[in-house]
Amino acid sequence: MRYHQALARALHQADVDTVFGVLGDANLFAMDSYVREQGGRFLSFSHEGGAVLAAAGYTATSGKLGVATVTHGPALTNTVTALVDASRSRTPLLLIAGDTAAADRDNLQNIDQASIVLPTGALFETVRSADTVAADVYGAISRARSARLPVVLNVPVDLQWAEAPDTVPPFIPTPVRSAAAPDLAELDEALGLLASARRPIVLAGRGAAGARDALDELAAVLGAPVATSLRGKGLFAGHPYDLGVYGTLAHDIAGETIARADCVLAVGVALNAWTTSKGELTAGRRVVHIDNDPTALTRAIGATVSVLGDAEATTRALTRSLIEAETEPTGFASRELAAALGEYRDRGARPAPTEGIDVELALAQIDAAVPADRTLVIDDGRFIITAYRELTVQHPSAYVHTCSFASIGLAVASAAGAHTGRPDRPVLVVCGDGGFMSAGLTEFSTLVRHGIDAVVVVMNDSAYGAEHMQFRARGMDPAISTFDWPDLAPVAEALGGIGHTVTDHAGLAAALASLPGRDRPVLIDVKIDPDRVPTPGY
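Sequential numbering from 1 applies to the sequence shown in UniProt numbering.
Below is the structure:
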């Protein structure tokens, strides 16, 4: 068996059924073997960064490890932004990257690939020999899962046709160790703070995504309203005391409730500058922080007590102790609060303008029109804060975060992988014109080629909106931040999709009404006035 065949076999043995990538001379034979001999699926992308983003999106929605592959040199440098975003999001994935032969020093694509990868925060491993293919692949997969980071497996091109062992051993997953049972002293201190609280809030993040029932029970025992971080969006969907996203994204009722809180129980959430509003929302409050990642605990802003432990197990331990102590609910989660939150959720939309687009109303229209059981991917851009507030999901696994590096242009490629991980749900993508034109346009064709059920909404202010905003704020001419883009709807149709151009709310309603009949990716180009886009507030 040749090395490229053994590599393909190892991927199959590790239950990798899909690889996202761009072919080159260092990975084409392995991918050919993976598809023809192992029955795997290879989804080709227009850009190497898009393949890595797709792998990250696949990890986020499927719960399995996303795998991507690229060749060497410039192919790897093209993945840098995607690797940084995935690393900062703590999204595990495997990137199999070719490398030039050690003896081929004059190869134009030769570069020190470890020096490219390591500053991104991703981990880097090089295969040892043709004899160790299975151990190298399996080790990289296990390391990605345990570290919750991207791992780049470096494969020199001259190994492709080397002789490898005739048999590839089965993959035996390495158990991912969860945090040990919480320290009793830490737990006791946390209990003391919670039992004495008068206005507690339960705050949960993506790290608590599997602990909804346990969190509901604890919140009921405390008499506490509940809230999430941005990446925990949707965790408490349907809860009568759901405040929504905590921190800088909170709506008025949530903000007023959070301001009155005297204690916050934060579970599986990063207490960063965004969630804590740069510490304002933890200052003067007792904060119990539970996480299974010691790094998250050490970087938290404003924690009074830190408890290293599994979200569900630690939450249930706290609940049992509070019940045994006959702790009475505080009443902070009152009937009045439930009524106010219900009125907020059921509020009618403001009248739409007869001309032009109101960004907040447009996003609310989109939220109502696209089926609730969907995957949501939001690109970075000036519209982002309004999109975070107006667009909803049913569970954190249905939200794919692409803004950990504050780069525009990552959403469309991420959506391809996200839908591949959960093909039963349509994927809603919201991006700006700058982000779409920088990277989304090329991968829109990828959505079409691979039959991705995607609705891509471009909030098109014909400008780099954040820069336009800064020029306006200083009374300067924003002309150099504006663009005369082509009409995007015909471009989408030329790429094989469906395109709509929208200039008012009636047109948006018509475009959304046509969605149930779609048979391929849809692009809705929403023309907005750069002077009428809400200020992000960051």
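Idealized CB from N, CA, C, for every residue including glycine.
For clarity, every value in this text was computed on a predicted model and none was experimentally measured.
Leaving out five residues before and five after residue 374 in sequence, what residues of the same chain have Cβ atoms less than 6 Å from its Cβ? So the list reads 425, 426 and 428, once near-sequence residues are dropped.
Same chain, Cβ closer than 7 Å to residue 88, five either side skipped, listed in chain order: Counting only Cβ-Cβ distances below 7 Å, and skipping sequence neighbours, we find 121, 404 and 405.
Reduced DSSP secondary structure (H/G/I, E/B, other) of residue 516: Under the three-state reduction of DSSP, residue 516 is assigned to helix.
Could you give the residue range of the alpha helix (DSSP H) that holds residue 124? Unbroken run through residue 124 is the beta strand (DSSP E), 123-126; no alpha helix (DSSP H).
Since residue 446 contacts residue 416 with CB under 8 Å, what's their CB separation in whole angstroms? Taking C-beta atoms under 8 Å as the contact rule, residue 446 and residue 416 qualify, at a distance of about 6 Å.
Give the single residue among 462, 414 and 500 whose Cα lies nearest to the Cα of residue 45. When only C-alpha atoms are compared, the closest one is 414.
Quick one: using the 10 Å Cβ neighbour count with 16 as the cut-off for buried, is residue 275 buried or exposed? Counting every other CB atom within 10 Å of its CB across the protein chains shown gives residue 275 a total of 16 or more, marking it as buried.
By alpha-carbon positions, which one of 388, 451, 528 and 493 ends up nearest to residue 357? The shortest C-alpha separation from residue 357 is found at 528.
Just to confirm, are residue 200 and residue 333 a CB contact at a threshold of 7 Å? For the 7 Å CB-CB criterion, residue 200 and residue 333 do not form a contact.
Is residue 153 closer than 7 Å to residue 125 when the C-beta atoms are compared? In this structure, residue 153 lies closer than 7 Å to residue 125 by Cβ.
Continuous alpha helix (DSSP H) stretch holding residue 136: start and end: 133-147 is the span of the alpha helix (DSSP H), which, as asked, contains residue 136.
Looking only at its own chain, which residues have a Cβ that is under 6 Å from the Cβ of residue 57, when we skip the five neighbours before and after it? Around residue 57: 400, 414, 417 and 418.
Do residue 323 and residue 309 have their CB atoms nearer than 7 Å? In terms of Cβ geometry, residue 323 and residue 309 do not form a close pair [threshold 7 Å].
Which word fits residue 256, buried or exposed, when buried means at least 16 other C-beta atoms lie within 10 angstroms of its C-beta? With fewer than 16 other Cβ atoms within 10 Å, it is exposed.
How many angstroms separate the CA atom of residue 565 from the CA atom of residue 160? Within the shown structure, residues of the chain are numbered from 1 to 538, placing residue 565 beyond reach of any answer.
Span of the alpha helix (DSSP H), counted from its first residue to its last, around residue 151: DSSP places residue 151 outside any alpha helix (DSSP H); the residue lies instead in the beta strand (DSSP E), whose first and last residues are 150-156.
Can you tell me where the alpha helix (DSSP H) with residue 29 in it begins and where it stops? For residue 29, the enclosing alpha helix (DSSP H) starts and ends at 28-36.
Nearest to residue 25 by CA position, among 18, 518, 70 and 306, is which residue? The shortest C-alpha to C-alpha distance from residue 25 to any of 18, 518, 70 and 306 is the one to 70.
Separation of residue 439 from residue 355, as counted between CA atoms: One Cα belongs to residue 355, the other to residue 439, and the distance between them is close to 30 Å.
Is the beta carbon of residue 394 sitting closer than 7 Å to the one on residue 508? By the CB criterion at 7 Å, residue 394 and residue 508 fall outside the cutoff.
Local conformation of residue 49 per DSSP, three classes: If DSSP states are grouped into helix, strand and coil, residue 49 belongs with the helices.
Measure the alpha-carbon distance for residue 314 versus residue 208 and round it to whole angstroms. If I take the Cα positions, the gap works out to 11 Å.
According to DSSP, residue 431 sits in a beta bridge with which residue or residues? In the DSSP output, where bridge partners are listed per residue, residue 431 has 458.
Rounded to whole angstroms, what's the CA-CA distance from residue 367 to residue 390? Just pull it up for me. Using only the alpha carbons, I get a separation of about 7 Å.
If residue 164 sits next to residue 130, beta carbons under 8 Å apart, how far is it from one beta carbon to the other, in whole angstroms? Right, the Cβ-Cβ distance comes to about 5 Å (below 8 Å), so this counts as a contact.
How do the segment 8-28 and the segment 65-85 stand: do at least 3 beta-carbon pairs fall below 8 Å, yes or no? They touch, by the three-pair rule.
May I have the straight-line CA-CA distance separating residue 259 from residue 52, to the nearest angstrom? Going from the Cα of residue 259 to the Cα of residue 52 covers about 40 Å.
Using a Cβ-Cβ cut-off of 6 Å (strictly less than) and excluding sequence neighbours within five positions of residue 493, which residues of its own chain qualify? Answer for residue 493: 499, listed in chain order.
For residue 105, does the three-state DSSP call read helix, strand or coil? Residue 105 sits in coil when the DSSP states are folded into three classes, being neither helix nor strand.
Do you know whose CA, among 491, 410 and 363, lies nearest residue 522's CA? For residue 522, the closest of 491, 410 and 363 by C-alpha to C-alpha distance is 491.
Beta-carbon separation (whole angstroms), residue 132 vs residue 421, contact threshold 8 Å: Their Cβ separation, rounded to whole angstroms, is 30 Å, which puts residue 132 and residue 421 out of contact at 8 Å.
Name the DSSP bridge partner or partners of residue 290? 267 and 307, per the DSSP bridge assignment.
Helix, strand or coil at residue 472 according to DSSP, with G and I counted as helix: Three-state result, residue 472: helix.
Assigned exposure category for residue 167 - 16 Cβ within 10 Å defines buried: Around the Cβ of residue 167, a 10 Å sphere holds fewer than 16 other Cβ atoms; the residue is exposed.
Quick one: what does DSSP say residue 184 is sitting in, helix, strand or coil? Three-state DSSP puts residue 184 in a helix.
Might you give, ordered along the chain, the residues of its own chain that have their beta carbon closer than 6 Å to the beta carbon of residue 110, omitting 5 neighbours on each side? Hits under 6 Å: 100.
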